[in-house]
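> All residue numbers for the sequence shown refer to the working numbering, where the first residue is 1 and numbers rise by one.
Glycine included, every Cβ here is placed at the ideal spot set by N, Cα and C.
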Amino acid sequence: MADPPTGRTPVSIYEQLGGASFFDALAARFYAGVAGDPVLRPLYPKDMTDAEANLRDFLIQFWGGPDDYSRRRGHPMLRARHLPFSIGRQERDAWMRHMAAAVRSSGAPAELATELLDYFERAATHLLNAEPPRPGHLPIVPPPGERRVDD
Ligand code: HEM
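1) Considering Cα atoms alone, identify which of Ala-53, Arg-89, Gly-65, Gly-64 is closest to Arg-73.
2) Going by DSSP in three states, Asn-54 sits in which element: helix, strand or coil?
3) What is the rounded straight-line gap between the Cα of Arg-104 and the Cα of Leu-26?
4) Helix, strand or coil for Val-149, going by three-state DSSP, please let me know.
5) Mind checking Met-99: buried by the 16 CB within 10 Å criterion, or exposed?
6) Using only the heavy atoms of ligand 3, determine whether one of them is closer than 8 Å to the beta carbon of Arg-29.
7) Which residues bound the alpha helix (DSSP H) around Ser-70?
8) Going by beta-carbon coordinates alone, are Ala-113 and Gly-33 separated by less than 9 Å?
9) Ligand 1 heavy atoms versus the CB of Trp-63: any closer than 8 Å?
10) Using 9 Å as the threshold, is the C-beta distance between Leu-116 and Ala-108 below it?
11) Restricting to Cα atoms, I'd like to know which of Leu-128, Ala-28, Arg-81, Arg-8 is closest to Ser-106.
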């Protein structure tokens, strides 16, 4: 059964943050940081206009705004789209540092800023694709006839 009407419409985080202009400014500040970053800058194309628009539209869509991102780019598939770039701890942490600075200077209320930062932390970790395999992470299947190192 549907919940009884409360007279309130849930307000998206997109709306709570003030709509497109918030994400426009966030993406601009983030890319201004990337532009001067020796680890990240080489990963991006010379002209970062499209990269900035893609990030802005993705975030607008993710947080409940219009779906221009998917209309232009299709399904986000963020992990697959990042596979061409080698993302290790260093790249991830540099990315996160610039995004955290952009969020902190965005004027977002503390509760929403925390929600954004938690999401970015998780998303950035999910995109790691250049980690050395951890011991025990891969199945140990020794080739036939080969002794196990711990025999
Ligand atoms: C972890 C560190 C990250 C690195 C090093 C990184 C790097 C990049 C690079 C090099 C591009 C391609 C830009 C271009 O070709 O114009 C890109 C695209 C993109 N990134 Fe990241 N990224 C990272 C994390 C993230 C995170 C956490 C998000 C979202 C929360 C994100 C969202 C996007 C989006 C939406 C695009 C555009 C995809 C498309 O439509 O083609 N990235 N990123």
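According to the structure shown:
1) Nearest C-alpha to Arg-73: Ala-53.
2) helix
3) Approximately 10 Å, taken between the alpha carbons.
4) Because the pLDDT of Val-149 is 47, which lies under 50, any placement of that residue in the model is unreliable, and the number read from its coordinates should be weighed accordingly. Coil, per DSSP.
5) buried
6) You won't find ligand 3 in this model; what it holds is ligand 1.
7) 68-73
8) no
9) Shortest gap from the CB of Trp-63 to any heavy atom of ligand 1: 8 Å or more.
10) yes
11) Ala-28
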